Structure formats: C-alpha cells, structure tokens
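Engineer: Here's a structure for you.
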Amino acid sequence: MAGTSHVHRLLLPGESPVHRLPAHVKLPATLAFVVLVVLTPREQYWAFAAHAALLGVVVAVARLPPATLLRRMVVEVPFLAFAALMPFLSTGDRTEVLGLSLSVDGLHSAWNVVAKATLGVAASVLLAATTDVRDLLVGLERLRMPSLLVQILGFMIRYGDVVTGEMHRMRVARESRGFVARDVRQLPVVARSAGALFVRTYERGERVHLAMLSRGYTGRMPGHDATSTSPAHLLTASALPLAAGLVTVLALLTS
Amino acid sequence: MHVPDGFIDLPVSIGAAVIAAGAVAVSLRGARRELDERSAPLAGLVAVFVFAAQLMNFPVAGGTSGHLLGAVLAAVLVGPWTGALCVTVVLLVQGLVFADGGITAIGVNVTDMAVIGLAAGYLVFLALRAVLPSTRAGVVVAAAGGAFASVPAAAGGFVACYALGGTSSVPVGTVFAAMVSVHLLIGIGEALITAFTISSVIAVRPDLVHGAAGLRRPETLAVRPGGTAGTGPVTPEVPDDLRDPAGAPPTQDLAAGSRSAPWSAEESR
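Below you can see the structure in the form of structure tokens.
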C-alpha cells in the first residue's frame, strides 16, 4: 500500500546516506537544526544564507530534485502574505521604501520570520522527502513517545487516504447532482456530508478494531525489527546540526 | 493559522511544548476511560475524520474561505480527552509530514488549538448543556456555542504566546484586535458547521455522540396491556411513553437493548 497513500507519496525514494539514516536520529537532527536557525540573530543575514547552503548540501547528498522540493514549499505562502503586513503594522522608526512609510523594526521582524519559517519548512520538507512515514512512526516510538499516541498516528496515516477518498466521492456525488457551494446557505449540505463521513469513518474504525482483535491484537502493535543505532549513523546525522551550530555560534559572537 | 518556526521565541515555544506534553499525558489517561483501552484504531480514525473535516473549506465572506478547527466537534463526538488526542495527532502530522506549522512551534500549536481552544469550547458546551433543556436540540445548540467559543479562545491563546515571546514588534493590542475579530467571524462558520454535523450524526447514530450520552435511555420493548403474545395482532404504533424521552417508563420491559440495538423507537417512526 506504500505506493497508494498520498502521505507516502511525499517520500522520494533513494539510496543515499540521508535516506538510510534511521528516523530516530534524523528527527532530533532536524529539530536541532531548526532550533539553531531560530536562535540565529536576525541581523546576521549571512548566517541564514549559510543555513540555507547547508540544507542545499543535504539536498545534493540525498540526490533530491530541487524543483520538486521548492514546489512543496508553497504551504508557506499564506504565511508570507501575513508577514508582508508586518512592516505596516509595527511601531518605531519609519523609513521610506518606494514612497511607502514602513517601520524599520517591522521590516526586520518580517525578514526574521520569513527567513526562519522558510528554513523550517525546507527542513520539514526534506525530512518528509527522505523518510518513510512508517519509519517515522518507529522513530517516534523509539524516542519514547507514548505508544497509544504513536498508534493513533499510525492509524491516521494508514487510513488517511481511505477517508479522504470517501470524502472525495461524496463531493463528486454532491456536485454531479448540481450542488455548488456558493455561500453560507450551502453550509448545511456540506455539514451533513461531514456528519455522514463521521458515521462511516467511525463504523470503519469499529470494523478495523474487531478485525484486529480477531487477529490477536492486545493493545500493542507487534514489535518492528528495530534497526540498531550505529556510531556511523549518529556521526552522519550530527553533521548538519554541528555545522549549523558553528554558523549560529559565529553569528552570535559577531553580532 | 498554524504558527511557523521563528515567530515565537524559543523559551516560550519550549514552555508551550511542556504544557502540551502535560496535557497529552492527562488526555491519555482520560481517553482510557472514554474509549476502551484497546481502541487505538477508533481514535486513529476519528483523527483522520478531523483531518478530513479540516480539508473541507467553507466560504466565509468576500471570496475568502475558512476551514474547520474541529476541536469541539471532536470533543462532543468522542469525548474531550480522546478529542484532544485526535486534534494533537492531526497537528503533529501536519507539522512533521506536511510542513504546515513549524517543528519548533508544534508545542505552541497544540497548546493553542488542542488544549486552550478545546478546553474553553468544551467548558462552554458543558455550561450550555446544564442550562439548556436535555434534548437533541439542546445538545446541538450547546455544541454550536462551544464551537463558536473555541475559535477566538485558540486565537487568544496564540496572542498570549505572542505577548510573552513574539519576535516581531507589531503591538500586542493590534495583534489581539486583528486575531480575535477575524476569528470571531470564523467562529460563526465553525459553530454552524459543528451544529449541522452533530445534528446529522445525532439523527442516525445518537449512540456515537459522546456529548449526548445523557439523552439516551436503554431501548425497551413494551407489551401493551391486554395484548396476548402470539395470538393478538401486532400493534404497529409506538407507545407514547417510548416517543417521549422524559416520559414515564414503559409498563413492562421485555429486554433492555444494548448500544447496538438494531432499531430504536426514533427510527421506527
């Protein structure tokens, strides 16, 4: 079922060292990288370029197509629109840019948020592109996330496509009967579909649960054959946060 | 409305992550009471439902559209603890897999939406349930009120994080006014869609609505006085006392139905 899920479609399969890293070291490495980016002082423009270059190196090592990754970063666009408003809303010294009166501090804030959010989104996109979702679940479990939470996550990912497919079929059915959602008056129709979707989803959950019980499920998923953490893995995974740490420390020292 | 990386400073993000982790730990205990200990599949599918419901955009005004937060919807359908877990899981997947909301801001997002939004909304729901008559309409109206309250409450939680650790110099007052006014509007949409969804679920499977648990009595079969089993004609009418949830108990119980009774008095109308 790996090829069919839209969650799994985020994975760009490969055999690079980045792909082969187990999730329970890749995840903390990503988190550490983003934390270091967030810690970087906003006036040190070169440091953000350096962080971006580091991610570029990871993309090159993982042999991922940069265009695909850039296209996936459009999730961020609504937020960029919000950041664009900041120079107008902030207080403090003002400056003239193209005849508009903008707050200097607001411009800095907008730059700060845009740079850090973009690097954060890029890091998440890279993580999702190189990590199979099932490995991510095993990794979260090994990082001591409560088992019930990991299982809920697992079911959500496993059945995500089934339920969104069901929702899509309901939309097709509505629209083939001439339904168009123009304004609030159409809300009851959409909401009734949501109600029907809930009942169907819940009943599917009951069936899945019973089927699992009949196969001997006792509240825990059978153990995955855990890949052992070799020192080589740790070394590879720590390369990115170590380099980013160097950049951040230099940026803090020179600011 | 998902907070990205770099918008809230690190100490506040870490603080929010600690609050979120604590809330998840409490919810895990509470969820064991609401669901059977072994029903992770059910909670997982409810999380998928919340995720899918969030994909349903509805038009707000002037060509913009909003989407459901779904916190109160989930809490009323499956109970507050399980609902909080489901919304948390949805936010985790969105942050880790879909890059929607920053990795360092996951704590902030969970605290705003799955903790503050859900708790405020569910408390309003409980308060309205206590005041309103104990009928289906009462549950639907209470759910609408709770859903309406949850959206500005979540926005307020975000403003609190921003006031404590915002990295930009937009005045807190401006952020508060903008966030809360926009989210009051979105709250109306949330209230309407939650109410219609709950009322349509309550119409077909009232046993699935956790927030309406008090409304249901066990299904009962009644023998009308004077009827003789096997020989008398089968009476098609449903006795009045079965139609009225607040009415006197039927004269004689033949069997107490279970949650999964194949028919109910309501459906036989």
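Sequence lines, in order, name chains V and L.
For the first sequence, my numbering assigns the number 63 to the initial residue and increments by one for each residue that follows.
For the second sequence, my numbering assigns the number 11 to the initial residue and increments by one for each residue that follows.
Using N, Cα and C, we set each Cβ at its ideal position, and we do this for glycine too.
Since the structure is predicted, the reported quantities are computational estimates derived from the model, not experimental observations.
In the DSSP output, what is L/I196 paired with across the bridge?
Structural biologist: The residue labelled residue 196 of chain L in the question sits at position 186 within the second sequence. None, per the DSSP bridge assignment.
Engineer: What residues in the segment 164-187 of chain L bring their beta carbon closer than 7 angstroms to a beta carbon of chain V?
Structural biologist: Listed by position, the residues of the segment 164-187 of chain L near chain V (Cβ gap below 7 angstroms) are T177, S178, S179, V180, P181, T184.
Engineer: Report buried or exposed for V/H230, applying the criterion of at least 16 other Cβ atoms within 10 angstroms of its Cβ.
Structural biologist: Working through the first sequence from its first residue, we reach residue 230 of chain V at position 168. Exposed: under 16 other Cβ atoms inside 10 Å.
Engineer: Taking only beta-carbon positions, decide if L/I196 is within less than 8 angstroms of chain V.
Structural biologist: Taking the second sequence and counting its residues from 1, the one referred to as residue 196 of chain L is at position 186. With 8 angstroms as the cut-off, L/I196 does not count as an interface residue toward chain V.
Engineer: Within 10 angstroms of the Cβ of V/W108, are there 16 or more other Cβ atoms? Answer buried if so, exposed if not.
Structural biologist: For the purposes of this step, residue 108 of chain V is identified with residue 46 of the first sequence, where counting begins at 1. V/W108 comes out exposed.
Engineer: Could you tell me which uninterrupted alpha helix (DSSP H) segments, each at least 4 residues in length, are contained entirely in the segment 204-270 of chain V, listed from first to last along the chain?
Structural biologist: Runs of the alpha helix (DSSP H) inside the segment 204-270 of chain V: 209-238.
Engineer: Mapping the DSSP letters down to three states, classify L/L133 as helix, strand or coil.
Structural biologist: Counting from one through the second sequence, the residue named residue 133 of chain L turns up at place 123. Helix.
Engineer: Nearest-angstrom Cα distance between V/A299 and V/F110?
Structural biologist: Taking the first sequence and counting its residues from 1, the one referred to as residue 299 of chain V is at position 237. Taking the first sequence and counting its residues from 1, the one referred to as residue 110 of chain V is at position 48. The alpha-carbon atoms of V/A299 and V/F110 are separated by roughly 20 angstroms.
Engineer: What's the gap between the Cα of L/A81 and the Cα of L/I126?
Structural biologist: Taking the second sequence and counting its residues from 1, the one referred to as residue 81 of chain L is at position 71. Taking the second sequence and counting its residues from 1, the one referred to as residue 126 of chain L is at position 116. When rounded, the distance between both Cα atoms is 10 angstroms.
Engineer: So that I know if they touch, is there some Cβ in chain L lying closer than 8 angstroms to that of V/L312?
Structural biologist: On the first sequence, position 250 is the one that residue 312 of chain V refers to. Not an interface residue.
Engineer: Name the chain V residues that come within less than 8 angstroms of L/T114, Cβ to Cβ?
Structural biologist: Against the second sequence, residue 114 of chain L aligns to sequence position 104. The contacting residues are L93, V96, V97, V100, G182.
Engineer: How would you write the range of the beta strand (DSSP E) that L/L231 sits in, first residue to last?
Structural biologist: The sequence position of residue 231 of chain L within the second sequence is 221, counting from 1. Note, L/L231: beta strand (DSSP E), 230-232.
Engineer: Counting only Cβ pairs nearer than 7 angstroms, list the residues of chain V close to L/V211.
Structural biologist: Locating residue 211 of chain L in the second sequence gives position 201, counting from the first residue. Residues of chain V passing the Cβ test: G257, F260, V261.
Engineer: If you check the beta carbons only, do L/L45 and V/L198 fall under 8 angstroms apart?
Structural biologist: On the second sequence, position 35 is the one that residue 45 of chain L refers to. On the first sequence, position 136 is the one that residue 198 of chain V refers to. It is not a contact, given that the beta carbons lie outside the stated cut-off.
Engineer: Measure the C-alpha to C-alpha separation of V/L312 and L/G167 and round it to an integer number of angstroms.
Structural biologist: By 1-based counting over the first sequence, the position of residue 312 of chain V is 250. By 1-based counting over the second sequence, the position of residue 167 of chain L is 157. Their backbone Cα atoms lie some 35 angstroms apart in a straight line.
Engineer: Helix or strand or just coil, what does DSSP make of L/G183?
Structural biologist: The residue given as residue 183 of chain L occupies position 173 in the second sequence. The answer is helix: DSSP assigns L/G183 an H, G or I state.
Engineer: Just the Cα atoms here: how many angstroms apart are V/G133 and V/V187?
Structural biologist: As a working mapping, residue 133 of chain V is identified with position 71 in the first sequence. As a working mapping, residue 187 of chain V is identified with position 125 in the first sequence. Sequence inspection shows Arg at residue 133 of chain V; the Gly mentioned does not correspond to that position. Taking the straight line joining both Cα atoms gives about 10 angstroms.
Engineer: Just curious, the alpha helix (DSSP H) that V/S171 is in, first and last residue?
Structural biologist: Walking along the first sequence from the start, residue 171 of chain V turns up at place 109. Looking at the DSSP string, the run of the alpha helix (DSSP H) that includes V/S171 is 166-192.
Engineer: Just the Cα atoms here: how many angstroms apart are L/T121 and V/L126?
Structural biologist: Start at 1 with the first residue of the second sequence, and residue 121 of chain L comes out as number 111. Start at 1 with the first residue of the first sequence, and residue 126 of chain V comes out as number 64. Cα to Cα, L/T121 sits roughly 34 angstroms from V/L126.
Engineer: Using 8 angstroms for Cβ pairs, my map puts L/L83 next to L/A115. What's the rounded Cβ distance?
Structural biologist: For the purposes of this step, residue 83 of chain L is taken as residue 73 along the second sequence, with counting starting at 1. For the purposes of this step, residue 115 of chain L is taken as residue 105 along the second sequence, with counting starting at 1. The Cβ separation is near 23 angstroms, so there is no contact.
Engineer: Indicate whether at least one CB of chain L lies closer than 8 angstroms to the CB of V/L210.
Structural biologist: One-based indexing of the first sequence puts residue 210 of chain V at position 148. Answer yes: the Cβ-Cβ gap between V/L210 and chain L drops below 8 angstroms somewhere.
Engineer: So which residues on chain V does L/L128 lean against when the C-beta distance must stay under 7 angstroms?
Structural biologist: Sequence index remark: in the second sequence, residue 128 of chain L carries index 118 (1-based). Residues of chain V passing the Cβ test: none, with the nearest at roughly 16 angstroms.
Engineer: Quick one: what does DSSP say V/L126 is sitting in, helix, strand or coil?
Structural biologist: As a position in the first sequence, residue 126 of chain V is number 64, starting the count at 1. It is coil, neither helix nor strand.
Engineer: When you compare the CB of V/V175 with every CB in chain L, is at least one pair closer than 8 angstroms?
Structural biologist: Mapped onto the first sequence, residue 175 of chain V falls at position 113. It does: the Cβ of V/V175 has a partner Cβ on chain L nearer than 8 angstroms.
Engineer: Quick one: list the residues of chain L neighbouring V/R266, beta-carbon separation under 7 angstroms, in chain order.
Structural biologist: Translated into the one-based positions of the first sequence, residue 266 of chain V becomes position 204. Neighbours of V/R266 on chain L, chain order: L55.
Engineer: Counting only Cβ pairs nearer than 7 angstroms, list the residues of chain L close to V/D167.
Structural biologist: For the purposes of this step, residue 167 of chain V is taken as residue 105 along the first sequence, with counting starting at 1. Those within 7 angstroms of V/D167 in chain L are S179.
Engineer: Which of the residues in the segment 75-93 of chain L, read from start to end, lie with their CB under 7 angstroms from any CB of chain V?
Structural biologist: Within the segment 75-93 of chain L, the residues whose Cβ lies closer than 7 angstroms to some Cβ of chain V are L87, listed in chain order.
Engineer: May I have the straight-line CA-CA distance separating L/P260 from L/L231, to the nearest angstrom?
Structural biologist: Here the question's residue 260 of chain L lines up with position 250 in the second sequence. Here the question's residue 231 of chain L lines up with position 221 in the second sequence. Per-residue confidence for L/P260 stands at a pLDDT of 48, beneath the threshold of 50, marking its modelled position as unreliable; the derived number appears in the next sentence. So the two alpha carbons sit approximately 8 angstroms from each other.
Engineer: For L/I18, name the three-state secondary structure that DSSP assigns.
Structural biologist: The residue labelled residue 18 of chain L in the question sits at position 8 within the second sequence. In the structure shown, L/I18 sits in a strand (DSSP, three-state: E or B).
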